[in-house]
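Undergrad: Once you've had a glance at the structure underneath, I'll fire off some questions.
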Amino acid sequence: MYDPTQRQAFMIAMITAACILVCAVLALGAKRLLVSVTALVGVSASLSLMLYLLGAPMLAVVELSVGIGLIAVLLVFTLNLVGEEQVERRPVLPVMVAVGLLLAVVAALVYLVQPLASSDLAGPTSPLAQTLWHDQAANTLLQIVLIFAGLISVLGLLPEIKERTEL
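Under my numbering, residues 754 to 920 are what the sequence shown spells out, in order.
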């Protein structure tokens, strides 16, 4: 099992946090809804990795399966079904103000988290595959069943949605 040093663990956490922020900004600023959904998938995947690194593998599994599995699949399916309407969006804040605020938040997070890099924090004690398929097998299978149930229910609504659009 890979055992990173404290400095490497800090860098991995910062890169993961940066991925969360970048994907969140992309999700909010995208002109097309499909790009926003894809960026939200990135947020969910990065957040799952962060939760796993922080020692909460069960939360990571739930975030991964619900965030990426159910929500993203349903949103993409709905967008493909209904179509995408082009909306002209104007930024709420000027771009430079938003970038400045983002940099200030990132600097504050680095300043606040830096002392934690030298502390002895507990990380994940088992590999992700073992956590998913051995330790949490029943929960993982339940999440898979929920994802398929959501997809089947949306497919059941498909004829009703087509009837409404034809009228």
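Even for Gly, the Cβ is constructed at its ideal location relative to N, Cα and C.
Have a look at Gly808 and Pro880 and give me their C-alpha separation to the nearest angstrom.
TA: Taken atom to atom, the span from the alpha-carbon of Gly808 to that of Pro880 is near 11 Å.
Undergrad: Thinking Leu806 and Ala766 are a contact (beta carbons under 8 Å), I'd like their distance in whole angstroms, please.
TA: Correct: roughly 6 Å between the Cβ atoms.
Undergrad: Between Leu862, Gly822, Val814, Tyr864, which lies nearest to Gln883 when the distance is taken from Cα to Cα?
TA: Val814
Undergrad: Hey, Ile900 and Gly822 are a contact pair by Cβ (cut 8 Å); roughly how many whole angstroms apart?
TA: 4 Å
Undergrad: Cα-Cα, which of Gln761, Tyr864, Val829 is closest to Val790?
TA: Val829
Undergrad: Could you check where the alpha helix (DSSP H) with Leu774 kicks off and where it finishes?
TA: 759-782
Undergrad: If we ignore side chains and look at the alpha-carbon of each, how far apart do Val863 and Ala857 end up?
TA: 10 Å
Undergrad: Use the C-beta contact count for Met938: other C-beta atoms within 10 angstroms, 16 or more gives buried, fewer gives exposed.
TA: It is not possible to answer for residue 938, since the shown part of the chain is limited to 754 through 920.
Undergrad: Check Met754 in the structure and name its three-state DSSP category.
TA: No answer about Met754 holds up, because its pLDDT of 45 lies below 50 and its placement is not dependable.
Undergrad: Are Leu787 and Leu832 closer than 7 Å when you measure CB to CB?
TA: yes
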